[in-house]
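Counting from 329, one number per residue, gives the positions in the sequence shown under my numbering. Backbone N, C-alpha and C fix where the C-beta goes; we use that ideal spot for every residue, glycine too. If you're wondering where the values come from, they're calculated on a predicted model, not measured in any experiment. One structure is given here, and the rest of the page talks about it.
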Amino acid sequence: MAEYQIRRCDRHLTGGIHPETHKQLSTAEPCVFVETPTRLLFPIHFSGGGPGEALVRVGDPVAKGTPIIRCQSGIVHVASRAGTVLEVTDHAMAHPSSERSACIVIEPDGLDRQDYLSPMNWPFDAETLRERAIEAGILGLGGAGFPSFKKWSNRTQTLIINAAECEPYLTADDTLIRIDTHSMIRGACLLSRTLDIQTIVIGIEDNKPEALQAIECALKESRSDCFFDLVLLHTNYPFG
Numbered sequence: 329m330a331e332y333q334i335r336r337c338d339r340h341l342t343g344g345i346h347p348e349t350h351k352q353l354s355t356a357e358p359c360v361f362v363e364t365p366t367r368l369l370f371p372i373h374f375s376g377g378g379p380g381e382a383l384v385r386v387g388d389p390v391a392k393g394t395p396i397i398r399c400q401s402g403i404v405h406v407a408s409r410a411g412t413v414l415e416v417t418d419h420a421m422a423h424p425s426s427e428r429s430a431c432i433v434i435e436p437d438g439l440d441r442q443d444y445l446s447p448m449n450w451p452f453d454a455e456t457l458r459e460r461a462i463e464a465g466i467l468g469l470g471g472a473g474f475p476s477f478k479k480w481s482n483r484t485q486t487l488i489i490n491a492a493e494c495e496p497y498l499t500a501d502d503t504l505i506r507i508d509t510h511s512m513i514r515g516a517c518l519l520s521r522t523l524d525i526q527t528i529v530i531g532i533e534d535n536k537p538e539a540l541q542a543i544e545c546a547l548k549e550s551r552s553d554c555f556f557d558l559v560l561l562h563t564n565y566p567f568g
């Protein structure tokens with residue numbers, strides 16, 4: 329069993345609001361696979377990585393995992409489905425301003441070909457992990473798409489798993505923790521060992537009791553030698 333503690337954060341944020349929540353609209357339903365659309369759009373200039381450069385041209389075949397965009401920060405974006413590059417054109421973004429941005433348009437072919445990176449051999453150091461995160465195009469789930477490799481420096485002293493998810497409707501983190509808790513714990517342990525961090529802090533709002541219970545059960549079954557500090561946060565917007 330992994331060593332852990334659960335504590336409530338007594339500090340309150342100055343300000344913030346408490347909007348009506350609607351998380352039960354999705355947490356009450358089972359997870360389903362979304363059908364692949366007929367066209368996939370990939371913005372070349374991504375907010376989290378800066379200006380980008382297209383690595384493919386119209387007519388090129390791509391597989392799942394094929395690098396298609398390289399950003400100024402070095403981060404690579406990969407194709408999420410196999411298919412053919414249909415066009416590179418300006419397209420309206422999912423933004424209130426309806427701003428347009430250059431996009432790579434891929435038409436999926438349903439063949440599901442893969443072009444994934446080969447698995448890494450343990451052990452590896454922080455720099456190797458950073459390089460792989462760049463190659464794999466690993467980003468944060470937030471709207472900014474912040475590149476994960478920038479957070480994993482050798483100066484990192486605390487590993488914080490942000491499970492606050494304060495938005496009134498969003499439940500991606502909540503649901504993922506519930507259905508695949510062990511993978512989250514293993515991933516956190518791998519990061520902590522690679523970055524030489526002993527304590528892992530998991531911050532979670534107190535409106536997610538099922539997710540917290542799932543984490544506690546997974547830690548009781550874990551063989552990790554890391555220490556987990558589960559911090560229960562007051563529900564507030566914005567948080568995290």
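Contact under 8 Å by Cβ, residue i with residue j
i	j	result
I528	A516	yes
C431	H423	no
I434	A454	no
G531	A500	no
P389	T412	yes
F374	G473	yes
Cβ-Cβ separation, residue j to residue i (assumed contact under 8 Å), whole Å
i	j	result
L540	L561	Not a contact, Cβ separation roughly 11 Å.
R514	W480	Not a contact, Cβ separation roughly 17 Å.
Residues near residue i in its chain [Cβ-Cβ closer than 8 Å; skip 5 each side]
i	result
T364	R409, P436 and G438
Q442	A391, K392, G393 and A410
L353	Y497
V384	V390, T394, I396, V413 and I432
Sequence-distant residues of its chain with Cβ nearer than 6 Å to residue i (five each side left out)
i	result
I345	Y565
Y497	H350
E533	A492, L561 and T563
Of the residues the options, the one placed nearest residue i, counting alpha carbons only
i	options	result
P395	G387, V404 and P389	V404
I505	T366, T484 and I489	I489
E415	S552, V362, E544 and P371	P371
Q526	M512, F556, V386 and A472	F556
T355	P537, L445, S552 and V362	P537
T522	R483, K548, M421 and E381	R483
Own chain residues within Cβ distance below 7 Å of residue i, not counting five before or after
i	result
C569	For residue 569 there is no data in the structure shown, the boundaries of the chain being 329 and 568.
For a minimum of 4 consecutive residues, which ranges assigned as the alpha helix (DSSP H) are wholly contained in the segment 485 to 551? Fully enclosed alpha helix (DSSP H) runs of 4 or longer: 500 to 507, 509 to 522 and 537 to 549.
Could I get the ranges of all uninterrupted alpha helix (DSSP H) runs contained in the segment 339 to 385, with 4 residues as the minimum, in chain order? Runs found: 352 to 355.
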